[in-house]
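Note that this note's numbering has the sequence shown beginning at 44, numbered continuously upward. Ideal Cβ positions, reconstructed from N, Cα and C, are used throughout, including at glycine. Since this is a predicted model, take the numbers as computed values, not measurements.
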Amino acid sequence: MSVLAASAVLAGSSAPALAQETLNLTVATGHPAVFLWVKHIGETFIPTVNAELAKTGEVEIEWNEAYGGTLVKLGAEAQSLQDGLIDVGQAMGVFDPAKMGILNMTYAMPFGPTDAKLVTEAAEHALMSSEGFLDQLADATGAVYIGGGIAIDGYNIATTTPLKTRADMAGVKISGAGPNLSWLDGTDAVGVQGSYVSFYNDIKTGVSDGLIGWITANAPAKIWEVAPYYNKVDFGAMYVGGLAVSKDRWDGFSDTTKEAFRVAAQAYQDAYFEEQNARIEGSTQAMLDGGGEIVEFDEAEKQAWIENMANPSSAWMEAARARGEPVDEIMAAYVAYLSDAGFTFTRNYIEE
Numbered sequence: 044m045s046v047l048a049a050s051a052v053l054a055g056s057s058a059p060a061l062a063q064e065t066l067n068l069t070v071a072t073g074h075p076a077v078f079l080w081v082k083h084i085g086e087t088f089i090p091t092v093n094a095e096l097a098k099t100g101e102v103e104i105e106w107n108e109a110y111g112g113t114l115v116k117l118g119a120e121a122q123s124l125q126d127g128l129i130d131v132g133q134a135m136g137v138f139d140p141a142k143m144g145i146l147n148m149t150y151a152m153p154f155g156p157t158d159a160k161l162v163t164e165a166a167e168h169a170l171m172s173s174e175g176f177l178d179q180l181a182d183a184t185g186a187v188y189i190g191g192g193i194a195i196d197g198y199n200i201a202t203t204t205p206l207k208t209r210a211d212m213a214g215v216k217i218s219g220a221g222p223n224l225s226w227l228d229g230t231d232a233v234g235v236q237g238s239y240v241s242f243y244n245d246i247k248t249g250v251s252d253g254l255i256g257w258i259t260a261n262a263p264a265k266i267w268e269v270a271p272y273y274n275k276v277d278f279g280a281m282y283v284g285g286l287a288v289s290k291d292r293w294d295g296f297s298d299t300t301k302e303a304f305r306v307a308a309q310a311y312q313d314a315y316f317e318e319q320n321a322r323i324e325g326s327t328q329a330m331l332d333g334g335g336e337i338v339e340f341d342e343a344e345k346q347a348w349i350e351n352m353a354n355p356s357s358a359w360m361e362a363a364r365a366r367g368e369p370v371d372e373i374m375a376a377y378v379a380y381l382s383d384a385g386f387t388f389t390r391n392y393i394e395e
């Protein structure tokens, strides 16, 4: 071998490999991991991002996970993304109406479908079919919605006494989070602001007599211990939002990294609904085994309630218009998607 050839071989063997970029990212939520939408961040979203990035080896992420309000308070996730306190979080309108209020479309239309996956499909279709809207939302909030939308499996009312008619609700103090308290209009129930962080103790101490909630959250919290009657009023499944990344961080990602995050968001959504479906039956049985009881609300009473409540869409849509959001287009797309799927609301909220 010539001296020149030998030198080339030696040079090649000692050349450094391309450096892998390491990103230090913080993901945080106000809710603890007992909730499915938090649980699958650690169990599904993060592992999928890592697996997708490993396919090219260009980027590796060192994750800092902070759940249950240890870093950000419930409802402060979007602000924390905008401020750069966290890099990945959840965009949820029900807990953050000031920044993410547009995501509350289903809360503005109660007594809708009970199929959580259908509701989510319709909501994400409506948001994404409005050209340029998600970019507009990112510019306004500093949070880039990347998908991974989820919905609550179906809101009902758990109380200390059974509710079958609106008369049974008179004077009953019912806790709820944000916009769902407006659903009590048309009854003489008293709304009390709260969340699953406080529901159990609020009922136990008499701050409220029950809550507006859902069975797969009631089960781990053992709500039936303080509110044994699960009153089936069927407010419907509610889309709460999805996953978001700080816009400053997102803008610095390569296309490959962005795609990894989107693939992981879809995997997160799929895993959430798979486990949600499995949990509904188990949670219902746990409630019954624990002494809880299902109470069927009278259908005629429910229809009278729907017809007499103040339109929950009106003020919400006006607020969205004031923010410059294309809410009329979004809501029309949402309703049309559900109609195509075979669901029609018994009250036409958006055209009143």
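Are the CB atoms of I337 and K275 nearer to each other than 8 Å?
Yes, the Cβ-Cβ distance between I337 and K275 is below 8 Å.
Note down, in chain order, each residue of its chain lying with its Cβ closer than 6 Å to the Cβ of S50, except the 5 sequence neighbours on either side.
Model confidence at S50 stands at a pLDDT of 38, short of 50, so the residue's coordinates are unreliable and nothing is read from them.
Would you check if the distance between the CB atom of T87 and the CB atom of A232 is smaller than 8 Å?
No, these two residues do not count as a Cβ contact at 8 Å.
Would DSSP call G192 helix, strand or coil?
In this structure, G192 counts as strand in the three-state DSSP scheme.
Throw me the rounded Cβ distance for the T69 and A121 pair, which I believe falls under 8 Å.
About 15 Å separates the two Cβ atoms, so there is no contact after all.
Grab me the residues of T114's own chain with a C-beta within less than 6 Å of its C-beta, minus the 5 sequence neighbours each way, in chain order.
It is Leu, not Thr, that sits at residue 114 in the sequence shown. Cβ within range, chain order: A71.
May I ask whether a heavy atom of the ligand ZN can be found less than 7 Å away from the beta carbon of E368?
In the structure on display, the ligand ZN does not appear, and there are no ligands present to speak of.
In its own chain, which residues sit with a C-beta less than 7 Å from the C-beta of P153, not counting the 5 before and 5 after it?
Result list for P153: W226, F278, G279, P355, in chain order.
Starting from D341, trace the alpha helix (DSSP H) both ways and give me its first and last residue.
Unbroken run through D341: none, as it is neither H nor E.
Grab me the residues of K345's own chain with a C-beta within less than 8 Å of its C-beta, minus the 5 sequence neighbours each way, in chain order.
Cβ neighbours of K345 beyond the five flanking positions: F154, V276, D277.
Could you tell me which residues DSSP puts in a beta bridge with T202?
According to DSSP, which records beta bridges pairwise, T202 is partnered with G253, Y272.
Kindly indicate which three-state DSSP category S173 falls into: helix, strand or coil?
Note: S173 maps to coil in three-state DSSP.
Comparing alpha-carbon positions, which option in P271, P140, G112 lies nearest I129?
If we check each option's Cα against that of I129, G112 comes out closest.
Identify whether L68 lies in helix, strand or coil by the three-state DSSP scheme.
In the structure shown, L68 sits in a strand (DSSP, three-state: E or B).
The alpha helix (DSSP H) that contains A119, what's its start and end?
A119 -> no alpha helix (DSSP H), and no H or E assigned at all.
Under three-state DSSP, which class holds I246?
Helix, per DSSP.
Can you tell me whether DSSP reads Q328 as helix, strand or coil?
Three-state result, Q328: helix.
When you compare the CB positions of D245 and G237, do they come within less than 8 Å of one another, or not?
Yes, they are a contact pair.
Pick out whichever of V240, T389, Y392 has its Cα sitting closest to the Cα of F78.
Closest option to F78, Cα to Cα, is V240.
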